Amino acid sequence: AQSVTQLGSHVSVSEGALVLLRCNYSSSVPPYLFWYVQYPNQGLQLLLKYTSAATLVKGINGFEAEFKKSETSFHLTKPSAHMSDAAEYFCAVILQGGSEKLVFGKGTKLTVNP
Amino acid sequence: NAGVTQTPKFQVLKTGQSMTLQCAQDMNHEYMSWYRQDPGMGLRLIHYSVGAGITDQGEVPNGYNVSRSTTEDFPLRLLSAAPSQTSVYFCASSYGDRDGELFFGEGSRLTVL
Numbered sequence: 025a026q027s028v029t030q031l032g033s034h035v036s037v038s039e040g041a042l043v044l045l046r047c048n049y050s051s052s053v054p055p056y057l058f059w060y061v062q063y064p065n066q067g068l069q070l071l072l073k074y075t076s077a078a079t080l081v082k083g084i085n086g087f088e089a090e091f092k093k094s095e096t097s098f099h100l101t102k103p104s105a106h107m108s109d110a111a112e113y114f115c116a117v118i119l120q121g122g123s124e125k126l127v128f129g130k131g132t133k134l135t136v137n138p
Numbered sequence: 510n511a512g513v514t515q516t517p518k519f520q521v522l523k524t525g526q527s528m529t530l531q532c533a534q535d536m537n538h539e540y541m542s543w544y545r546q547d548p549g550m551g552l553r554l555i556h557y558s559v560g561a562g563i564t565d566q567g568e569v570p571n572g573y574n575v576s577r578s579t580t581e582d583f584p585l586r587l588l589s590a591a592p593s594q595t596s597v598y599f600c601a602s603s604y605g606d607r608d609g610e611l612f613f614g615e616g617s618r619l620t621v622l
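Order-wise, the sequence lines are chains A and B. Numbers given in the numbering used here equal positions in the first sequence, counted from 1, plus 24. Numbers given in the numbering used here equal positions in the second sequence, counted from 1, plus 509.
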């Protein structure tokens, strides 16, 4: 069963526009949630994580995400897109165990147009 | 710092051949994992290890073997390659705690003809 669902496999925005990448999780208990970014021909790197502390999480490169339990969502946002933000973004969740059991969504490819 | 190192970066195999993808980390991480990445499928866990001598299956383990004789190394073996194993393979490591960051290698692109 899919534990995280990313809505939209491709998102295209103009430089300077708001970036919104959607992630919903399926869990009856509060999960640990992550966003990873993959630049072309590279491995993944951590953007930010939610671990049941503050519901609004700030990450690197101006990204942030808000955990909303009522909506089972963890959407990623950035107020103003930059060309360098073009990459693939993955939402991931740990339901049980440790980080060896990270379950990834299918990814959203972000294109930033000049 | 080297971090997580994967070799080879590219490999072409014929159906039925075997090979080993190497993964080494120098961060003294206990946990190591192998993922495969396919278009539109995200990353899927193949095998993982929570320490030397301990391995377990992930979501898509068929056709792959692993072993963990040292903390540093976690090789992935393809026993008899099939075209369905054409993919990009990523090794990752972490301290294993629930809020821990996974550190990824740069990937190994495998094509099976």
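Don't be surprised by glycine CBs; every beta carbon is placed ideally from N, CA and C. The structure displayed is predicted, hence computed values, not measured ones.
Residue from the options with nearest C-alpha to residue i
i                     : options                       : result
residue 56 (chain A)  : A:77, A:94 and A:39           : A:77
residue 588 (chain B) : B:532, B:519 and B:526        : B:526
residue 613 (chain B) : A:68, A:28 and A:60           : A:68
residue 114 (chain A) : A:72, A:136 and A:138         : A:72
residue 580 (chain B) : B:529, B:569, B:534 and B:517 : B:534
residue 550 (chain B) : B:606, B:598 and B:603        : B:598
residue 513 (chain B) : B:618, B:560 and B:543        : B:543
residue 58 (chain A)  : A:134, A:135 and A:80         : A:80
residue 571 (chain B) : B:553, B:559, B:618 and B:563 : B:553
residue 62 (chain A)  : B:611, B:603 and B:517        : B:611
residue 593 (chain B) : B:574, B:515 and B:569        : B:569
residue 110 (chain A) : A:74, A:126 and A:66          : A:66
residue 621 (chain B) : B:515, B:520 and B:511        : B:520
Amino acids of chain B, ordered along the chain, whose beta-carbon sits closer than 8 Å to that of residue i
i                     : result
residue 130 (chain A) : 549, 550 and 551
residue 98 (chain A)  : Within chain B, no residue comes near residue 98 (chain A); the closest Cβ sits about 14 Å away, beyond 8 Å.
Interface residues of chain B facing residue i [CB-CB closer than 7 Å]
i                    : result
residue 33 (chain A) : 549
Interface flag, residue i vs chain B, CB-CB below 8 Å
i                     : result
residue 67 (chain A)  : yes
residue 91 (chain A)  : no
residue 126 (chain A) : yes
residue 114 (chain A) : yes
Partners in chain A for residue i, counting only beta-carbon separations shorter than 7 Å
i                     : result
residue 525 (chain B) : What residue 525 (chain B) touches in chain A: nothing, since even the nearest Cβ is about 29 Å away.
Proximal chain A residues relative to residue i, where beta-carbon distance stays under 9 Å
i                     : result
residue 581 (chain B) : Near residue 581 (chain B) there are no residues of chain A at all, since even the closest Cβ is about 16 Å away, more than 9 Å.
Under 8 Å by beta carbon: chain A residues contacting residue i
i                     : result
residue 599 (chain B) : 67 and 68
residue 562 (chain B) : By Cβ distance, chain A contributes nothing, its closest Cβ being about 15 Å from residue 562 (chain B), past 8 Å.
Closer than 8 Å to chain A by CB, residue i
i                     : result
residue 519 (chain B) : no
residue 611 (chain B) : yes
residue 614 (chain B) : yes
Chain-ordered chain B contacts of residue i [CB-CB under 9 Å]
i                     : result
residue 134 (chain A) : Those within 9 Å of residue 134 (chain A) in chain B number zero; the least Cβ separation is about 15 Å.
Rounded distance between the beta-carbons of residue j and residue i, thought under 8 Å
i                    : j                     : result
residue 33 (chain A) : residue 130 (chain A) : 7 Å
Review point. Is the stretch 93 to 104 of chain A close to the stretch 36 to 48 of chain A, with three or more CB pairs under 8 Å?
Key: yes
Exercise for review: Inspect the CB distances between the stretch 73 to 93 of chain A and the stretch 522 to 540 of chain B and report whether three or more fall short of 8 Å.
Suggested key: no
Exercise for review: Taking 8 Å as the threshold, find out whether the stretch 586 to 600 of chain B comes into contact with the stretch 26 to 41 of chain A through three or more Cβ pairs.
Suggested key: no
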